[in-house]
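Encoded as structure tokens, the structure appears first; notes follow it.
Chains as they are written, first to last, in my numbering: chain A, 34 to 451; chain B, 34 to 451; chain C, 98 to 460; chain D, 98 to 460.
See the structure below:
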């Protein structure tokens, strides 16, 4: 087989799209054809809905699809993480059962890793999985699950053995969310939104073959999921941008994206809405205050340099250069930006910052910023955890002496369940 | 014996002073009388130059002495620490040999604790002490010693045993600084001053009876010295304020104080010179800049609140209330003040901040601030150590797991000597 | 003792219940509060039915109320309205107006801020025109009025038509249910402290004190109120600091309490510094208010700015220390966070007070 | 490669030796630097004997020089003087003035700041009066002139008598040894970069470019220089950051490397963020300068402010991480600290540049 080249791939994809793309089809029917053709996930193996092309060509094919306005396969939200994880660690049974229905968008997925007792310390999960009469039985509790109430399947990290060190006693499962033993509650946040769920397992069950990887090998599988989550943190949001084109298939895609994005509707406010700052400062007259101007300038400096730093990282990646330290700072920088933005919005807004809802500035958007920004330095890894990661992985500083990962998990001090 | 009361003590002290105080005496002669009378250190035991009064009466006697302008005993600098430590841990030999000559001011002292390899970690001292033919022999190196080149005697912490955990292998000595085995070098700082010494021991010697406390019990003795150092950190500076009165005895006292204070002459600059800020801002016109005004206001807020907090701590102490958290924050707050002051001085000064010496503003004082402030968060315990102390001693947070204090010192990883 | 009393009367469950109501407080609990401890009259002279204490004692009360996040019209009634009346009213007016406040029978407030959001006397635009029988007619809009929609008595700042700056300002009193007065609760970011917008259309009001002479007493009232607010804020900040410390000591991660991690220790130490320095400022301001120290305007502004930043920073840190839990509705931290955020700008934001502080010191 | 070259040519021992001299640099080393790498001419067009690169490459050179704390008249000669000549001079003037600079034969500087310490063109007070044979006479004082006491050629900014603001400004050239010119080295806080005070008493000078038209080119030169200074600063900041990391990894306290303490890790992570963000800003400014982007004035000011704060903060942290050792003369950190401190205000302090940034963006 000859090495594929960009021109050839582009031509082939274009030809296929010209022959097949039809905005009048239903979303399911179109995606069926797309998946069968392999152009939906060009870098996936041919035996699993792909073309077996090097990952570099994904962008070429995506460009061709954008050119004709073709809708892609479903991969936003946890779907994409599930697909990537199962492709890497799943057996043929998992791939056959789940991958296609992920790509068609028929199934929704959620991630069941975090627990009330282990926030930063995912490997400290307490949810138990026991094999009884050939079926796995689960008891315990997860939290910070996005869209669990829409999910058909969950990616579940649970403890199969407490007599070994904590990372070694975890296993990874696919759990059917539509069963009596799974109870989903919404978790309200301080900003009034409810983006997350608590999920309770009371003798929830899964067939033996829903184990992914080895018994006791769950941490490695979860690490793959987490890596894709980190890598996709920006990307996911990008895929989430719905096309503005008209037509039935676009309406269906918009509905799908809206469901996935529903929990994130306050995320722009969480990030501090730097985009509103100048307009607001002009509106309130604060733009004339030299002290506020300095704060605005500091904020814009932070926000611009964070943006340029992300661009440097992407440029390095695009050129195939080894990732420099600039690639790992985004989350921490975003925290700084958001906090500075909340301060600036307060300074600009003055007394009106005491008001919310329809009485508040911009119909409550400013208030929503002020009560949402505290989440940015917590969700998806606290600032403290980010600093640890930067220090240990980027700067290669020595790890702290640890006492919890070399002895049986049962002997490690734990939180009492709340 | 009846409980002493304030009025009686005051009357007795006043009567003695009226009968004995004479500004025409030489300093040594006057101090001799004062020490013999016990009024020099009223709370010390009667057998050791004191009156055996409760410490609360020290202030009463001091007030009476101030009233007539009487010069006190010598206790500034390390002298005071040596006296307090020997009084508590020394045997009769030490008390008889050293205490009186401390109080008369005949002997100068220095403290030999810190080493190049152990800055924050005093108990990691490497300087060795070995008993040979009935004499202690010392080899090693100390650093950050104030006024070692003026000192007659040193308080030395040295290792007598490396086969026990580090705190248990230290012993405490009084070392004669005037001997061939002791070499004193000045240590130049980044601001050009040389306030500290490096002290090298090459088979330096002390008689067996110069051990203070038990062999292996040095850490407890050093803790007493350090406690008095912390307690006196402000006080020492206060005693250092020379009287402005005229007369031979005052001249002699001023000379003594000048010697003790010599290493500290840049300390006001190290603290940031908040006192100069308004005058300078008016002189340069920066006072009209709203942005600089905010920075000035923030600095004054920090400095005032630090001052009020210290006052709260003193008020609590004076009323005999248990010390609250406010007493432990002074050093950290002083760091914040100094750093903010350096920023403000820069903002006020503008381009002139690039100049020093006679070309710089205020004949170089501003430049000296800018290059001296970095010391304030290091000397006498870094900000990080202060935070540890506040967290562990004031807030009673659990200590970090440690690996160095429960195994023989020889097995603890150490710095190679520079 | 006061702390224990308020802990019992105002646990988070009660705060959560009251903050969901329109009024934000309950008259029975308010009356009980006063009958048992006489808090409403703490700094009102004994001759007017009060306790006769001063601003130091008032500061102590407010520190505890801030700690407990008490939902009651205390800041409006005692701090703002009663102080304004004491600073401005004639002896006869004080004899009439203060005793019902001291007894807890009348809930009052001070309506001075307007939709322009300015906290200085010069920002007042509402007009007072002379009416019948020595009374006045008020026209204009007040906003950000603490408990404005539930107060029985409203002290209103207004000016002679055509006047500007500090000239022509007077205070007036009018009942909460006066004809021509439309009151509407505003949606407040901090649901534990209710704000209202009051529209005055020819509302009849009585002059309080001297006509046209209110700029001085009103500014003094706001200065004293800033000192009081600083006390309230440091109480809340300390509550949060301690709750964060307790949580860090209990919470286990990686097999050890998170309090044993060095970054947590350093954060807690910094929080202690923030809160203790702000406390010192609040105490200094309370003393200065008690002694009517000429430096009070500077010190009160210093304390307000300092406490604002310490409270907000402590609240941010407390959420951060709690992690995800700290961002949930069920965790109590956000109640104090929102009070901190709202108090940051109430009576003027930190930058404004810092500038005032310098001016008060003649800088 | 350049990094290794400068490491060899400018180790701390050489920096320490040169900083104790009056000149602060040595002509032999300077000539060698240019013969081997042609650095002085990096952004000078090839037609004038330079390398013909642009501001991106100049930025890379400066980043490395900042890292090595090279003691050489590079910023004065290449960044300030050559750029000013390129922006202002006629073709004929460039043909005369630039080649000797590109070859390293002439050390030059730009004298624009005066004792008033202002960094904008309007701050210039020095008078230029027409003299004989088309020449001009300069009277006044320049200060903070980089290498002003050793430069062979001085580009001077002055104004027509009676003009003000941006009007009437022109650039002139005069030899360092001109009659009537008194040059004195100033005692600089940063001994690795020499400053001078130049007193002009009727010094004869030649006009550079157009009479009265220098405000634009001078401002542009200072904008480009700000971008260049940002590059130099991030190089120094990164050097310090790495030295602090190396020290933390080596230094043992309490039986473990201090790099294993969480507070140290967090500090190092924060330092990395500071330096990387500032680097991105410096790179963006270099690109904008290279492309003559209309946003250059905003981005250059952003980069200067950002790099100033990152460099100083990194220097403060590096001293702190070294502990007492970091405050000693023998430790190298203070050399960079002083450069950071001095660079913070050189060409305008961060607040000044932030305000300029907003104005450049039309805010």
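C-beta: ideal position from N, C-alpha, C; glycine also.
Integer Cβ distance of residue i from residue j, believed to fall under 8 Å
i: residue 289 (chain D); j: residue 112 (chain D); result: 6 Å
i: residue 160 (chain B); j: residue 258 (chain B); result: With a Cβ gap of about 16 Å, residue 160 (chain B) and residue 258 (chain B) do not count as contacting.
i: residue 323 (chain A); j: residue 324 (chain B); result: 5 Å
i: residue 145 (chain A); j: residue 189 (chain A); result: 4 Å
i: residue 191 (chain B); j: residue 158 (chain B); result: 7 Å
i: residue 252 (chain C); j: residue 295 (chain C); result: Between residue 295 (chain C) and residue 252 (chain C) the Cβ distance is about 12 Å, and since that is not below 8 Å, they are no contact.
i: residue 338 (chain A); j: residue 382 (chain A); result: Wrong, their Cβ atoms sit about 25 Å apart, outside the cutoff.
i: residue 356 (chain A); j: residue 179 (chain A); result: 27 Å between Cβ atoms; not a contact.
C-beta atoms of residue i and residue j nearer than 9 Å
i: residue 329 (chain D); j: residue 172 (chain D); result: yes
i: residue 278 (chain D); j: residue 314 (chain D); result: no
i: residue 8 (chain A); j: residue 374 (chain A); result: Nothing can be reported for residue 8 (chain A): it is not among the residues displayed for chain A, which extend from 34 to 451.
i: residue 297 (chain D); j: residue 235 (chain D); result: yes
i: residue 430 (chain A); j: residue 346 (chain D); result: yes
i: residue 170 (chain D); j: residue 122 (chain D); result: yes
i: residue 47 (chain B); j: residue 133 (chain B); result: no
i: residue 186 (chain B); j: residue 131 (chain B); result: yes
i: residue 141 (chain C); j: residue 175 (chain C); result: yes
i: residue 418 (chain C); j: residue 152 (chain A); result: no
i: residue 307 (chain B); j: residue 336 (chain B); result: yes
Contacts that residue i makes with chain D (C-beta to C-beta distance below 8 Å)
i: residue 411 (chain B); result: 416, 417, 420, 421, 423, 424
i: residue 430 (chain B); result: The premise fails here: residue 430 (chain B) is roughly 13 Å from chain D at the closest Cβ pair, so nothing lies under 8 Å.
i: residue 359 (chain C); result: 358, 359, 360
i: residue 358 (chain A); result: 369, 373
Three-state class that DSSP yields for residue i in the structure shown
i: residue 446 (chain B); result: coil
i: residue 407 (chain B); result: helix
i: residue 212 (chain B); result: coil
i: residue 218 (chain B); result: strand
i: residue 415 (chain B); result: coil
i: residue 175 (chain B); result: strand
i: residue 267 (chain A); result: Annotation note: pLDDT 44 at residue 267 (chain A) (below 50); position unreliable, no value reported.
i: residue 451 (chain D); result: helix
Check: residue i C-beta below 8 Å from any heavy atom of the ligand ZN
i: residue 357 (chain A); result: Of ligands this structure carries none, so the ligand ZN is not represented either.
Closer than 8 Å at the beta carbon, the chain A residues around residue i
i: residue 232 (chain D); result: The premise fails here: residue 232 (chain D) is roughly 43 Å from chain A at the closest Cβ pair, so nothing lies under 8 Å.
i: residue 327 (chain B); result: 324
Listed by chain order, chain A residues near residue i by CB distance under 7 Å
i: residue 352 (chain C); result: 436, 437, 445, 446
i: residue 454 (chain D); result: 330
Contact list for residue i against chain C, beta-carbon separation under 8 Å
i: residue 379 (chain A); result: 438, 441, 442, 446
Where residue i meets chain A, residues with beta-carbon distance less than 9 Å
i: residue 37 (chain B); result: What residue 37 (chain B) touches in chain A: nothing, since even the nearest Cβ is about 54 Å away.
i: residue 337 (chain C); result: Correct list: empty, because the minimum Cβ distance to chain A is about 13 Å.
Contact set between residue i and chain C, taken where Cβ atoms lie within less than 9 Å
i: residue 350 (chain B); result: Neighbours of residue 350 (chain B) on chain C: none; closest Cβ ~15 Å, over 9 Å.
Cross-chain neighbours of residue i in chain C, by beta carbon under 7 Å
i: residue 392 (chain A); result: 283, 284
Chain-ordered neighbours of residue i on chain D, where CB pairs are closer than 7 Å
i: residue 363 (chain C); result: 360
(message) For a minimum of 4 consecutive residues, which ranges assigned as the alpha helix (DSSP H) are wholly contained in the stretch 353-413 of chain A?
(response) 363-382, 398-405
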